[in-house]
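In the working numbering, the protein residues as written are 34 to 143.
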């Protein structure tokens, strides 16, 4: 999701009745403007694929989301968890977002 795109469209949606009644206004990031990086405990992972999928957000409208497939970390940690960090850049608007996930390593894998 692009906050700037939402804000830009938001102005038009609030001031243009026809535009506000349109369904399917997409505030997602287009694939050509998306750059993704994935890290496991601050070590970059190889990205194998990035796939655009449709996500539905209510009122029969949707926006694009992405499935990102990466290699497994080459080195396992002695900690009971791995910190995965996904950094996405929207090159169209110069926006950057980040998600962090603490993956608890199952006992059988330690």
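Ideal Cβ placement from N, Cα and C applies to all residues, glycine included.
This one's a predicted model, so the numbers in the text were calculated from it and none came from an experiment.
Residue i versus residue j: straight-line alpha-carbon distance, rounded
i, j, result
"residue 98", "residue 108", "29 Å"
"residue 64", "residue 116", "26 Å"
"residue 131", "residue 62", "14 Å"
"residue 87", "residue 78", "25 Å"
"residue 66", "residue 122", "8 Å"
"residue 112", "residue 75", "14 Å"
"residue 140", "residue 83", "30 Å"
"residue 135", "residue 110", "13 Å"
"residue 128", "residue 138", "32 Å"
"residue 119", "residue 102", "11 Å"
Sheet register partners of residue i (DSSP bridge)
i, result
"residue 132", "119"
"residue 72", "77 and 118"
"residue 86", "98"
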